[in-house]
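>
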Amino acid sequence: MQRFKRSTLAIIGVALVVLFAAACGSSSSSNSSSSNSSSSSSSSSAGLATSGPGLTQPTTGSGSKVSGGTVYFTEGSDAPPNYIFPMYNFQVCSTTNANQLMNMLYYPLYTYGENYRPTVDYSHSIGQAPVTSNGGKTFTIHLNPYKWSDGETVSARDLVFWMNVMKASPATEWCGYAPGYFPDNVVSYSAPNPSTFVITFNKAYDPEWVLYSELSQIFPMPMAWDRTSLSQPAPTSDNGSLPDTTKSGAAAVYKFLDTQSKDLGSWATSPLWSVVDGPMKLQSFNTDGRVVLVPNADWSGTPKVSISQLVELPYTSEAAIYNTVKSSGPAGATIANIPSQYAPQLSSLGAEGYQVNKAASYSFNYFPVNLNSNATTSPGGEPVRYVFRQTYFRNALQHLVDQQGWIHAFLYNTAVPTCGPIPFSPPSPLVDTSSISFSPCSFSDATAQQLLTSHGWKVVPNGTTTCQNPSLCGAGIKQGEGISFNIDYQSGVVAVQDEMNDLASNAKKVGITINLTTHPFSTVVATGAPCMPSAASCKWTAENWGAGWIYGPSYLPTGEPLYNPGSAANAGSYSDAQMTSLIGQTITGPLSGESAALTTYAKYVSQQDPVIFGPTSVGTYGGYAATLISNKLAGYSANALGFLQPQYWYFTK
Amino acid sequence: MTGFIIRRLGQAIVVVLGVTLITFILLHLLPGSLARDILGNRATPQAIEQFNQQNHLNQPFFVQYWYFLDQLLHGNLGYSYQFNRSVDSLLKTDLPRDLVLGGLSLIFSLVIAIPTGIAQAVKRNSAVDYAGTGVSFLLYSMPQYAIALLLIQFLSISFHVFPAEAPQSTSAIGMLEHPAGLVLPVLSLTLVTYAAFSRYMRSSAIDTLAQDYIRTARAKGLPERLVLMRHLLRNSLVAVVTLVGLSIPLVLTGTLIIEQVFNYPGAGLEYFQAALRNDYEVMLGITVLVGVITVVGNLMADIGYAILDPRIRY
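Heads up: the sequence lines are chains A and B, in that order. When we follow our numbering, the leftmost residue of the first sequence carries the number 18, and every step to the right adds one. When we follow our numbering, the leftmost residue of the second sequence carries the number 1074, and every step to the right adds one.
1. Going along the chain, which residues of its own chain have a beta-carbon closer than 7 Å to the beta-carbon of residue 1283 of chain B, five neighbours each way excluded?
2. If you measure beta-carbon to beta-carbon, which residues of the segment 1102-1113 of chain B are closer than 9 Å to chain A?
3. For residue 1310 of chain B, which residues in the same chain have their Cβ closer than 7 Å to its Cβ, ignoring the five residues on either side in sequence?
4. Ignore the nearest five residues each way along the sequence and tell me which others in residue 312 of chain A's own chain have a CB closer than 6 Å to its CB.
5. For a minimum of 3 consecutive residues, which ranges assigned as the beta strand (DSSP E) are wholly contained in the segment 199-247 of chain A?
6. Please list the residues of the segment 1130-1150 of chain B that have a C-beta atom closer than 9 Å to any C-beta atom in chain A, keeping them in chain order.
7. Alpha carbon to alpha carbon, what distance is there between residue 376 of chain A and residue 658 of chain A?
8. Quick check on the burial criterion: 16 or more other C-beta atoms within 10 angstroms. Buried or exposed for residue 603 of chain A?
9. Would you say the segment 113-128 of chain A touches the segment 84-97 of chain A, given that touching needs at least three Cβ pairs under 8 Å?
10. Could you check where the alpha helix (DSSP H) with residue 1032 of chain B kicks off and where it finishes?
11. Tell me whether residue 1091 of chain B is buried or exposed, calling it buried when 16 or more other Cβ atoms sit within 10 Å of its Cβ.
12. Using 8 Å as the Cβ pair cut-off and three pairs as the minimum, do the segment 268-284 of chain A and the segment 1122-1135 of chain B touch?
13. For the putative contact between residue 108 of chain A and residue 1111 of chain B, defined by C-beta atoms under 8 Å, what is the C-beta separation to the nearest angstrom?
14. Within the segment 315-380 of chain A, note down every full beta strand (DSSP E) run reaching 3 residues or more, in order along the chain.
15. Note down, one range per segment and in chain order, each alpha helix (DSSP H) of at least 4 residues found wholly within the segment 1103-1131 of chain B.
16. At the 8 Å Cβ level, is residue 1349 of chain B part of the contact set with chain A, yes or no?
17. Can you give the Cα-Cα distance for residue 530 of chain A and residue 389 of chain A, rounded to whole angstroms?
18. Checking 8 Å against the spacing of the C-beta atoms, do residue 1364 of chain B and residue 1319 of chain B come in under that value?
19. Please name the residue in A:324, A:227, A:290 whose C-alpha comes closest to that of residue 663 of chain A.
20. Is the segment 189-196 of chain A touching the segment 133-140 of chain A, taking contact as three or more C-beta pairs under 8 Å?
21. Hey, quick one: how far does the beta strand (DSSP E) through residue 11 of chain A stretch, first residue to last?
22. Note down the Cα distance separating residue 202 of chain A from residue 216 of chain A, rounded to an integer number of angstroms.
23. My output table needs one value for residue 548 of chain A: the three-state DSSP class, helix, strand or coil.
24. Taking residue 1353 of chain B as the query, report the chain A residues whose CB atoms sit under 9 Å from its CB, ordered along the chain.
25. Please state the DSSP three-state secondary structure of residue 583 of chain A.
26. What's the C-alpha gap between residue 239 of chain A and residue 264 of chain A?
27. With DSSP as the reference, please indicate the residues paired to residue 297 of chain A in a beta bridge.
28. Assuming residue 480 of chain A and residue 528 of chain A make a contact with CB atoms under 8 Å, what is their CB distance in whole Å?
29. Using a 10 Å radius around the Cβ and a threshold of 16 neighbouring Cβ atoms, would you call residue 517 of chain A buried or exposed?
30. What's the call for residue 562 of chain A, buried or exposed, on a 16-neighbour Cβ count within 10 Å?
31. Going along chain B in order, which residues have a C-beta closer than 8 Å to the C-beta of residue 545 of chain A?
32. Using a 10 Å radius around the Cβ and a threshold of 16 neighbouring Cβ atoms, would you call residue 49 of chain A buried or exposed?
33. In three-state DSSP terms, what is residue 257 of chain A?
34. Enumerate in chain order the residues of its own chain whose CB-to-CB distance from residue 1201 of chain B is below 8 Å, with the five nearest sequence positions on each side excluded.
35. Decide if residue 1250 of chain B is buried, meaning its Cβ has at least 16 other Cβ atoms within 10 Å, or exposed.
36. Which residues in the same chain have their Cβ closer than 6 Å to the Cβ of residue 502 of chain A, if we skip the five residues on either side of it in sequence?
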């Protein structure tokens, strides 16, 4: 799972957040109607603002199929690929690496997200559906016949190789790492025969969670990588003494592969990275981030690749992407991700020869408030954490967020309302979202006022609301205390600025003072870290990096990295026994109850508001306003998790 | 002259060291944390601790500074956590391309500005002068961004004369092999630089025209062309040489806007992105480089004075 920023490329994990956020163009230009946004009520339920071709059905192109052709794909403006080894750590945990490069070269055990569904696709996966045994602790996976490009078979031993290296490497740095979960909770793994992989966990988990959040983190690795220097010949058979069979040897292999992956200039000629089991091979790469991929002629999967090249183009700014689309059209950018600031021009851009595709990635937006903050509500006053710890207050604050108004006025209808951790779009058959209501997040200053009044506050519109009845206000809140705190938001993104100004204005209507400060994205992200009240760094009250969370490499929308006490991504240090219990049920409950458990958990989150939810941008690749697809390119459908899948694409006349 | 150069080089070392120390202090005063920024909010405390340890970020300030100086003395400018590359490798790719962009623009702007400035000075207060002044003011007052976008709109989007983006090569030679892609970025930068140079040139030429030796040359019946070429041009160039010397660092790192708009990867953009991401070592590496280039640029300007004006002695 990961956070993402609307203004940059989607990233995987919160580290992904940083890179992803950096890449997803989020902001919009200033809008004269900003001050009026609060006037639009948003009591309606969450609608799906996604549209266009290529969602659940592939694009059809404009004529008959032709073989060959080069697809030009626009990368994000500040996150070029910088790592190729699929065991990527936090530092290089970006969608440009994971979704737009590695995934096409090195096929994971399971593929997910095809045809805009955030689900596993067994028909195009190396692994068949896992079989559970041993009371739900052991998973046996039979492998489909796939080949590496060097002629070796993709075998269970390749999965053992991955696990050996993962266990020996600093697993705490692995992009998907959450303490206590993968790979900490893996007790054993083995390859009883070349086509069978067996993995045992420390206890019984919900099989669906294991499939989507644990097995999703496994890639087979070719035997040719099982060495510690390039001068060693590539192993061709497992004689039982390959380096990865000992912990120190596996650690040395990791170090070697990590070092090789950091040698960006050698990627295209490396004897390591040329061994692939995915549909594409790397033909060339330059350190600016220009990637040229060609079909892997030895690919054993389906369908066979029809295009002759996929060229990923690096850009220095969002303006440069726009200029390319405007001046060259599909000839210069076959698939173009349009930054949010150009959303008002989507129609005219589409007229350059594109189909406009709006497809939200599996993600949601929010900003945390610090339930451990030691900042005071006023000079000499009490710490604001006591106010933030009150569920009714967070509910009231959530009701002051005018999501529909923001979407209309600031985001040019390129976002969907959000009220919880389970995305409404793309819809998942694993979760019944029909019973999840948006109403806990609907904009209503009257409801916010009523919540405060009913909990002992005397609301003074446009004045200072004060606590009159401490026993109702909540623990730690004293009589006569007001509510004043700071929201620090990402600089340089006009939409976020407009949203925060609007929120401060709405809050003032119920006597809450919100002071606004702004800093660069990285500063906001770094400041909004979990902390203890006694820490000097715990002065922050609310940090909005214009971002949220995107699911990957764990794809089941469970909340263990988000709302469990002590989780690294639980920035606000939210802690609630019932929440922890409900999250536990989504992980360890029976398969038959998984959907219900997720729904119950999601509803509880929207009642609790552990964070403040905001509109989630649409755009497959990390919160862009939309993706433009050449009218001549067929077979394209948005992957729900943002993976590029060129094996499905072809040109038409 | 040799002694002067040696003295100036000695001063340069002190200046560069001072620049590194001040930059180091300023960068450490910035809010935020490199580890959290690079690893993300999901990173565990152990991962952050490990990152800080590996990169000496948990050491006292002067220890960190010593590590930096040590690697600098070994010719290592550091490592970019953001780009996952050494700063040396980043600059080796970027600086030659910046040299193409900034160098060509500088040359073209001088080639246009010097005769234009002289012509304006000679025809002072004429229609030619007013027109030249108007053009200069217009270009000088326009943001670089606006000039670039206007050129793209007209010459790329509307009439498809030149591409909207620069050649996508990682080498300077590769950039020069696709001159069409260089036209708009070089032209944008040339127009802005020309505006400044032409004003200085005009002003300097006006001052020179009032000198006795010009009057004497004319009184001797020397043709006007020779007066301008032999006596005016050389003596008027001193001010422009100063400006060129000061511009040399900008040639390599001052083209951020152009780099952004024309998809032209360069050191200016690297610095900007590094600043947004707390990528200290990139900022330090570029700062050191710019410090060195600034000192060298000034030294070259000083030497240029001596060549242009024999009265100047060091």
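C-beta atoms are modelled at their ideal positions from N, C-alpha and C, and glycine is treated no differently.
So, from the listed chains and residues:
1. none
2. 1103, 1104, 1105, 1106, 1107, 1108, 1109, 1110, 1111, 1112, 1113
3. 1381
4. 322
5. 203-210, 213-218
6. none
7. 10 Å
8. buried
9. yes
10. The question about residue 1032 of chain B has no answer, for chain B in this structure spans 1074 to 1387.
11. exposed
12. no
13. 5 Å
14. 326-330, 352-355, 371-374
15. 1107-1112, 1118-1127
16. yes
17. 19 Å
18. no
19. A:324
20. no
21. Nothing about residue 11 of chain A can be reported from this structure: the residues present for chain A run from 18 to 670 only.
22. 11 Å
23. coil
24. By Cβ distance, chain A contributes nothing, its closest Cβ being about 12 Å from residue 1353 of chain B, past 9 Å.
25. coil
26. 18 Å
27. A:312
28. 5 Å
29. buried
30. buried
31. 1114
32. Bear in mind that a pLDDT of 31 at residue 49 of chain A, under 50, signals an unreliable position, so the number given afterwards is only what the model happens to contain. Classification of residue 49 of chain A: exposed, given that the 10 Å Cβ count is below 16.
33. coil
34. 1192, 1193
35. exposed
36. 401, 558
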